[in-house]
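In short: position in the sequence shown from 1, add 19, done, that's our numbering.
Every residue, glycine too, gets a C-beta built ideally from N, C-alpha and C.
This structure is a prediction, so every number in the text was calculated from the model and none was measured.
Below: one structure, written as structure tokens.
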Amino acid sequence: MQNWIGIAIWIVMGAAIGLVMRALISRPEEQPGHAQVIAVLGAFASVIGGMLGVGIFHLFDPRALSIGGMASAAVFAGMMTFIYRWGLRTLI
């Protein structure tokens, strides 16, 4: 049960990081309804990053509510939403 709670925390944290990144990096040509897309992208990236962090830092005792899982979920969600908001949008 503790792992499901940790994964739910990753999802909420990733969506919040995505929305914070949306507020920090403003795009004047942005279409309406973009907040939902960036929140889903942040949540998805947070789950992937959290799984990678648990796999790397806590290989023999995998727990979602761990320092490695939470930190890597936050870093990966921030990195992916930053790349989407700043990097990919300016290249197109």
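Assignment of Arg82 by DSSP, reduced to helix, strand and coil, places it in the coil class. Setting aside the 5 residues that flank it on each side, Gln21 is surrounded in the same chain by Arg82, Ala83 and Leu84, each with a C-beta closer than 8 Å to its C-beta; the list follows chain order.
Assignment of Ile44 by DSSP, reduced to helix, strand and coil, places it in the coil class. Taking a 10 Å sphere around the C-beta of Phe95, we find 16 or more other C-beta atoms and assign the residue as buried. Per DSSP, Gly52 lies in no alpha helix (DSSP H) and is assigned neither H nor E. Taking all protein chains in view, the Cβ of Ala27 is surrounded by fewer than 16 other Cβ atoms within 10 Å, so the residue is classified as exposed.
In terms of Cβ geometry, Gly61 and Gly72 do not form a close pair [threshold 8 Å]. The closest CA to that of Val39, considering only Ile24, Pro51, Met70 and Gln55, is found on Gln55.
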